[in-house]
Structure formats: C-alpha cells, structure tokens
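Engineer: For the sequence shown, this note's numbering gives the first residue as 1, with consecutive numbering after it. By construction, the Cβ of each residue, glycine as well, lies at the ideal position given by its N, Cα and C atoms. To start, I am sharing the structure in question, which I have written as structure tokens.
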Amino acid sequence: MSDATSTHAEEQHNFSAEVERLMDLVVHALYSEREIFLRELIANSADALDRRRFESLTNQTVALPDKPQIILTVDKKENLLTISDDGLGMSKDEMIQNLGTIAKSGTRAFEKQLKDAKPEDRVNLIGQFGVGFYSAFMVADKVEVISRRAGSDEAWAWNSEGKGKYSIASSTRNTPGTDVILHIKKDAEEYLESMRLENIIRKWADHIAWPITIKQDDKETSANEGQAIWTKPRGDISDEQLDEFYRHVTHLFDKPLATLLWHAEGVIEFTSLLFIPGMVSPFAPVDQERKSKVRLHVRRMFITDEADMLPPWLRFIQGIVDTEDLPLNVSREMLQNTPVLARIRKNLVNRVISELKKLSEDKEKYTKFWELFGAILKEGLWEPNENNDTIAKISRFYSSTVDGLTSLSDYVERMKENQEAIYFLAGDSLEVLKTSPHLEGFKAQGIEVLLFTDPVDAFWPDRFGKFEEKPLRSITRAKKDLDKLMGKEERSNSEEEEKLLKTLMESLKDKITDARMTTRLVDSPVILAAKEDGPDLQMQRLMRRNDRSIPSAPPVLEINPNHNLIKSLIKKVNSGENIDEAAFILLDLAKIQDGEMPSDPTLFAKRIAAALA
Numbered sequence: 001m002s003d004a005t006s007t008h009a010e011e012q013h014n015f016s017a018e019v020e021r022l023m024d025l026v027v028h029a030l031y032s033e034r035e036i037f038l039r040e041l042i043a044n045s046a047d048a049l050d051r052r053r054f055e056s057l058t059n060q061t062v063a064l065p066d067k068p069q070i071i072l073t074v075d076k077k078e079n080l081l082t083i084s085d086d087g088l089g090m091s092k093d094e095m096i097q098n099l100g101t102i103a104k105s106g107t108r109a110f111e112k113q114l115k116d117a118k119p120e121d122r123v124n125l126i127g128q129f130g131v132g133f134y135s136a137f138m139v140a141d142k143v144e145v146i147s148r149r150a151g152s153d154e155a156w157a158w159n160s161e162g163k164g165k166y167s168i169a170s171s172t173r174n175t176p177g178t179d180v181i182l183h184i185k186k187d188a189e190e191y192l193e194s195m196r197l198e199n200i201i202r203k204w205a206d207h208i209a210w211p212i213t214i215k216q217d218d219k220e221t222s223a224n225e226g227q228a229i230w231t232k233p234r235g236d237i238s239d240e241q242l243d244e245f246y247r248h249v250t251h252l253f254d255k256p257l258a259t260l261l262w263h264a265e266g267v268i269e270f271t272s273l274l275f276i277p278g279m280v281s282p283f284a285p286v287d288q289e290r291k292s293k294v295r296l297h298v299r300r301m302f303i304t305d306e307a308d309m310l311p312p313w314l315r316f317i318q319g320i321v322d323t324e325d326l327p328l329n330v331s332r333e334m335l336q337n338t339p340v341l342a343r344i345r346k347n348l349v350n351r352v353i354s355e356l357k358k359l360s361e362d363k364e365k366y367t368k369f370w371e372l373f374g375a376i377l378k379e380g381l382w383e384p385n386e387n388n389d390t391i392a393k394i395s396r397f398y399s400s401t402v403d404g405l406t407s408l409s410d411y412v413e414r415m416k417e418n419q420e421a422i423y424f425l426a427g428d429s430l431e432v433l434k435t436s437p438h439l440e441g442f443k444a445q446g447i448e449v450l451l452f453t454d455p456v457d458a459f460w461p462d463r464f465g466k467f468e469e470k471p472l473r474s475i476t477r478a479k480k481d482l483d484k485l486m487g488k489e490e491r492s493n494s495e496e497e498e499k500l501l502k503t504l505m506e507s508l509k510d511k512i513t514d515a516r517m518t519t520r521l522v523d524s525p526v527i528l529a530a531k532e533d534g535p536d537l538q539m540q541r542l543m544r545r546n547d548r549s550i551p552s553a554p555p556v557l558e559i560n561p562n563h564n565l566i567k568s569l570i571k572k573v574n575s576g577e578n579i580d581e582a583a584f585i586l587l588d589l590a591k592i593q594d595g596e597m598p599s600d601p602t603l604f605a606k607r608i609a610a611a612l613a
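Here it is, written out as structure tokens:
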C-alpha cells in the first residue's frame, strides 16, 4: 500500500438534495451506534478488491499486487484514521457518481424504515439502504477519499465536511486503490485505539477473505481470521457467525428463515451456503431484474454474482457457491456454456426445492415465507421446467371457504363428488375477491374457489393446465360448469327479458360481446364474464395496465333476472322508456365490482347523480 497525497485545483460540487438529507439522517438518527461505520467502510474495500480481482481475469493491466490487503492506519497525533485498500479504485466520474449521488436508495423509504424500526434495529438500516459510506460522518468532521483506478495513472481526491458540498481535485497515489481518511471527532477518539478497532472487526468483518491489518506506531496487527466461513464444518460455525455472513451478502439485517450449508461431493464438488431471507429487500420495488443473486466463487475467490446460479423464480435465495471444478480465469462465455456449471445449477435447484418442501411442514414459518416470496416462486409454474409439479405442490393460496392459506392437494381432497375442475378467481385484492359477485353461485352450491391475488396468477393456470388430473379453471369462464353443478339446463329467457338484452346490446354496442341472463348471481344485479374460449378478465386487465393489450373480445355482461334493479329495467324497456344511461351505469358497476375503474369516472358520477335525482 503506497502513500497518497492530494493536490489543489479543486472543483466544488454540491451534494444532491437526497444525499444531503440521507447524511443528516445517518449522522443524527443513528448517532449512538457509531462503530457500524467501520463495518461499512471495510465492506466497501472488500468489494473493491473483489471487483479488481475479477476484472483482472480478462485484463492483466489491472492485476492485483502480490499481497492485496486492507490496512487501517491510526495517527493519534493528527486524529486520523485511514482505511486503505488495493481494490479497483475510482475514476473522477466514478467518484462523483458513487460519493455525490444515490441512484437507487430513496430518502423517503429510508426515513420511513428508520421511523418504524426498533432502536436496536436502526443501525442496520445503513447497509440495507446502501448509504454506508456516509456513516463515516458519524465519527469524522471531515472525510477525504484519494483513489486511483486500476489501469490508470490518474488519481483523484474527494473531500467534504458533510455540510452540503464536496470538492474534487487531481491527486497522486503510487498504486491503484483507495484511501478513506477520517478526521476523527473529539468525542470519537475511541476509534483511534487499535484494540477497539480490532474488536469491531472481529465482530463485524471476521469472515472477509481479504487480510485486514491495523497499523499504529509502527506496529502491525492482523485483525481478521480471513477464512471463508463456508469452508468450515457446520459444527465449527456459530449461529451468530452465520447470521453476520447472511447480513454481509444480502444487505438485510433480520435473521434468515432458513440456512442451507451443503458440501456436495461426487462427480461435481462444490460448497453452497444459501439463505432464504426473512424479509424483502427495500430495493425490491426498484430492482426489477429477474436474476439470481447467488455469488459464484472458485477456490474461495469471488468470481461474479452474474452467473445465474438459480432460475429467476428462485431469485429470492441469496448466498454463495464455491467450486474447485472451474478455472480461476473462467470467462463470461464459459459461465454460460460450461456443463460443470449447468450440473451445479441443477443440483442447487433440487436442493432448494427439497428445503422448501421441508419448510412447508412448518405452517407458521412457511406462511411467512409464502407472504414474502410466494409470488416469485409461482413464476416457476409459468416457466416450463422439470420442477413444475413440485412447485405446484408447495404453492399456497387463499380460499373462499378456508381460513389462511391452503394447498392444491388439500383443495382436491375437499372437492365435491361431481366437481371436475379446480376453480379460481384472480384479482388484485383479497378483500375485493372475497366479496366478488362471481362467487355467489359457487357459494350457494358450497363449491370452494381459490382466490389468486398476485399478477402471475392471471397467467400460469392456462399454461400449467392440470393438477392431479384436475384442470384449473377461472370462474369468470365457468358458466357451463356452474349450470352443471346446479343441475340446471340452460335457462330460457322470456320475451320481456330478451327485449332488455337486445336493448343493452344496442346501447353498449362494441363495449360488450354479449348480454345474457344468468342463474349464478344471488345478491348482485350484474357481472362481467370472459368468453369461454377467451383469456381471463384479470389477464386482460393486467396487460392493459402495462400497455400490452392482447387480442380479445369485449366481456360478456351477465344479468341477474331476479334482482329488483333488473326487473325495473325490464318494465322500463317494455314500456318504451330509454335506458341508455342505465346500461352504461350497469357496465360501470360491473367493472367496479371487479376492482376496475369506470371508463369515464366523471361521466359515471354524473349518471349516478342524475339517477338519484
């Protein structure tokens, strides 16, 4: 590690408003747990070393030195603590991007999490929201960063007092890497004691594979064990060590629902340490990439987190896989094509599925898992794969007749003797589905309906087809099924009813495919139904919301002839009254019942007001 110095010719910059607010939150709301700053800065250094080592596999100009490390240098006389690394370093633009703005973290989300968190949990939100660098200002009244990117001769200095501004200047550093220089506050001088620093590192960063050294008064102390935790026998790893490693790789700060430490031996040998998280990442709304987050290591060295070790429908699983059956200089092309990795992936999927089956035996824990990640796992029902049937067996759903979650197998056991299909209703909200008029006829016959509430539920049943030889069928397309279950022949309409249906068709024109009387409604006057051979209504709604409408006929308007409103309309039509406005009100009422907005809310409101006048 070489000395670094800063020069002048500074450029002044303002922090983005979001960064300034985040720094204020970190410094003041988390003030009592200041030791966490060291964990965050060391983690940044370790990541930089990982990135440089990986980039060097295809670019020798950025090769690591013989003994890469992280060094903490204490200067009590000047009140300085410097964290130095031999990592990839940063260019000027990267400095501005990484230290002056925040791309994905949200100030409002961070502030809300901070407000809602228990006092003992607040410290963990720093790493969780990717704002770890700014925790340095909890212990320092000024922070300098001097960095030289590997492969470049240029070095740059960044410095700030954390008060809305920072400066960038040309600098010098003898070797690539980064120095973070903290001007320690008077009330934080405990972090200038090597023993205090060593204790913090043992607590938070002992598992980091890169050597960490503390230098003070010409004395050097090794501060971490540096052995990859997954190489140890399970009996030699404490639960606390596993939990801390989980937090390190996931940037989550709860406890995992399940931990899978597995040494696979045979034709392919590898070790995996995987976690089923106990919470959803706060980045989930902005992180839409359907990619695995499992890191690939070769001989304990980090290679990449973009090897797609698990399929997208298992992307909630996090952790590492380490193998000796791949070369250290593995290329991206080899990662895609090597049969070794394909076999490892298959073994991992089987192992995770087996663990989920085991977890499903614990109802309380599995319910929590399902509420967190069930929507992701069900994507495996849509994507053809050899585990479709197993995923279906461990999937859980809400029901019109059963409290809590239930399985498809349990549903089949409860099916009526003459029931031929597994019936479901898909929508956006469980509360709306539970009161949907579509359920009325099925409830009257004591027929259970599964309630599907995730977007993927509108798509996978058609592709999946059957479960235990029972077809899955949306009740919006099950008119004939219900008639058969009720033991009724197709209903014949009276002349007066036919006149109403004809009038509705003329009034609504291309907005509906058909208007027909139905016996499946009990309390409601009207519902919308899909054509028997057309896509489910919920699928159509989801596609429209995403500007990806699919070719489909307008819905069918089903009318309850026994409802007083319909009887009144029949009388009006047969007496020659115009019911155009009432027809549009009926259509919009049917949409609202399905959780959809009227086509023209303002016009709908005017029509209702006129009808009530």
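Output needed for P554: all residues of its chain with C-beta closer than 8 Å, excluding positions within five of it in sequence on either side, in chain order.
Structural biologist: Once the five neighbours on either side are set aside, the close Cβ partners of P554 are D510, K511, I512 and T513.
Engineer: Quick one: give me the first and last residue of the alpha helix (DSSP H) that I461 is part of.
Structural biologist: Position check: residue 461 holds Pro in this sequence, whereas Ile was assumed. Here the alpha helix (DSSP H) through P461 covers W460 to F464.
Engineer: Whole angstroms are fine: how far does the CA of M95 sit from the CA of I102?
Structural biologist: For I102, the predicted model reports a pLDDT of 49, less than 50, meaning its position is unreliable; a value from the coordinates is still stated below. Going from the Cα of I102 to the Cα of M95 covers about 12 Å.
Engineer: State the DSSP-derived secondary structure class of K104, mapped to helix, strand or coil.
Structural biologist: The predicted position of K104 is uncertain, since its pLDDT is 39 and thus under 50; a value taken from the coordinates is nonetheless stated next. Coil at K104, not helix or strand.
Engineer: Any contact between the segment 576-589 and the segment 492-507? By contact I mean 3 or more CB pairs, one from each, below 8 Å.
Structural biologist: The answer is yes - the segment 492-507 touches the segment 576-589, with three or more Cβ pairs under 8 Å.
Engineer: Touch check for the segment 81-94 and the segment 232-249: three-plus C-beta pairs under 8 Å?
Structural biologist: Contact fails: fewer than three Cβ-Cβ distances are below 8 Å.
Engineer: What's the gap between the Cα of A43 and the Cα of L372?
Structural biologist: One C-alpha to the other measures close to 27 Å.
Engineer: Beta carbon of V432, beta carbon of L348: below 9 Å?
Structural biologist: Not in contact: V432 and L348 (Cβ atoms no closer than 9 Å).
Engineer: In this structure, how does DSSP classify N560 when only helix, strand and coil are distinguished?
Structural biologist: It is coil, neither helix nor strand.
Engineer: Return the chain-ordered ranges of every alpha helix (DSSP H) run that is complete within the segment 172-250 and spans a minimum of 4 residues.
Structural biologist: Fully enclosed alpha helix (DSSP H) runs of 4 or longer: 194-204 and 239-250.
Engineer: By DSSP, does T390 sit in helix, in strand, or in coil?
Structural biologist: Residue state, collapsed to three classes: helix.
Engineer: For the alpha helix (DSSP H) holding L261, just list the boundary residues, first then last.
Structural biologist: No alpha helix (DSSP H) contains L261, which is instead part of the beta strand (DSSP E) from A258 to A264.
Engineer: Just verifying my parser: in three-state terms, what is the DSSP assignment at P437?
Structural biologist: Here P437 sits in helix by DSSP.
Engineer: Let me know the secondary structure DSSP gives D153 once reduced to three states.
Structural biologist: The answer is coil: DSSP assigns D153 none of H, G, I, E or B.
Engineer: Could you name the residues of the same chain whose beta carbon sits closer than 7 Å to that of S194, not counting the 5 residues immediately before and after it, in chain order?
Structural biologist: Closer than 7 Å at the Cβ level, and outside the excluded window around S194, lie V74, I214, Q216 and T221.
Engineer: Quick one: is V138 buried, meaning 16 or more other Cβ sit within 10 Å of its Cβ, or exposed?
Structural biologist: Position check: residue 138 holds Met in this sequence, whereas Val was assumed. Per the 10 Å Cβ criterion, buried.
Engineer: How many angstroms separate the CA atom of I527 from the CA atom of E596?
Structural biologist: About 12 Å.
Engineer: Considering only the beta carbon of each residue, do A307 and L296 sit closer than 9 Å?
Structural biologist: Yes, Cβ-Cβ distance for A307 and L296 is below 9 Å.
Engineer: In the structure shown, what three-state DSSP assignment does E299 receive?
Structural biologist: The amino acid at residue 299 is misidentified as Glu; the sequence shows Arg. DSSP places R299 in coil when its eight states are reduced to three.
Engineer: Can you name the residues that DSSP bridges to L274?
Structural biologist: Note: L274 sits in a beta bridge opposite L260 and G319.
Engineer: What does the Cβ neighbour count give for V286, buried or exposed, with the cut at 16 atoms within 10 Å?
Structural biologist: With a pLDDT of only 40 at V286, under 50, the local geometry of the prediction cannot be trusted, and the value read off the model is given with reservation. So V286 counts as exposed.
Engineer: Terminal residues of the continuous beta strand (DSSP E) containing Q593?
Structural biologist: Counting along the chain, Q593 falls outside any beta strand (DSSP E), though it belongs to the alpha helix (DSSP H) covering D580 to Q593.
Engineer: Could you pull out every residue in the same chain whose Cβ sits closer than 7 Å to the Cβ of K499, ignoring the five residues on either side in sequence?
Structural biologist: Counting only Cβ-Cβ distances below 7 Å, and skipping sequence neighbours, we find V573 and N574.
Engineer: Going by other Cβ atoms of all chains shown within 10 Å of its Cβ, with 16 needed for buried, is R414 buried or exposed?
Structural biologist: Label assigned to R414: exposed.
Engineer: Classify K378: buried if its beta carbon has 16 or more other beta carbons within 10 angstroms, exposed otherwise.
Structural biologist: Counting Cβ neighbours within 10 Å, K378 comes out buried, since at least 16 surround it.
Engineer: Give the range of the alpha helix (DSSP H) segment to which R53 is assigned.
Structural biologist: Taken as a continuous stretch (DSSP letters only), the alpha helix (DSSP H) holding R53 covers I36 to S56.
Engineer: Hey, would you say L557 sits closer than 9 Å to A530, going by beta carbons?
Structural biologist: Contact: no.
Engineer: Taking the alpha-carbon positions, what's the I268 to D325 distance?
Structural biologist: Answer to the nearest angstrom: the Cα atoms are 7 Å apart.
Engineer: Here's the rule I'm using: 16 or more other beta-carbon atoms within 10 Å means buried, otherwise exposed. How should D153 be labelled?
Structural biologist: With fewer than 16 other Cβ atoms within 10 Å, it is exposed.
Engineer: Please state whether the Cβ-Cβ distance between S599 and N560 is less than 9 Å.
Structural biologist: No.
Engineer: On the CB-based measure, 16 or more other CB atoms within 10 Å of its CB, does S292 come out buried or exposed?
Structural biologist: The residue in question, S292, is buried, as its Cβ has 16 or more Cβ neighbours within 10 Å.
Engineer: Which same chain residues end up closer than 7 Å to F459 when comparing Cβ atoms and leaving out the 5 residues on each side of it in sequence?
Structural biologist: Answer for F459: W382 and M539, listed in chain order.
Engineer: May I ask you to report which of helix, strand or coil DSSP gives K479?
Structural biologist: Helix.
Engineer: Sort D218, E240, W262 and T390 by Cα distance to W230 and report the nearest one.
Structural biologist: Of the listed residues, the one whose Cα sits closest to W230 is W262.
Engineer: Is DSSP giving V522 helix, strand or coil here?
Structural biologist: Correct three-state label for V522: coil.
Engineer: Report all residues from its chain with a CB closer than 7 Å to the CB of Y31; omit the five preceding and five following residues, and keep chain order.
Structural biologist: Reliability fails at Y31, whose pLDDT of 48 lies under 50, so the model's placement of it is uncertain and the value that follows must be treated cautiously. These residues qualify, in order along the chain: M138.
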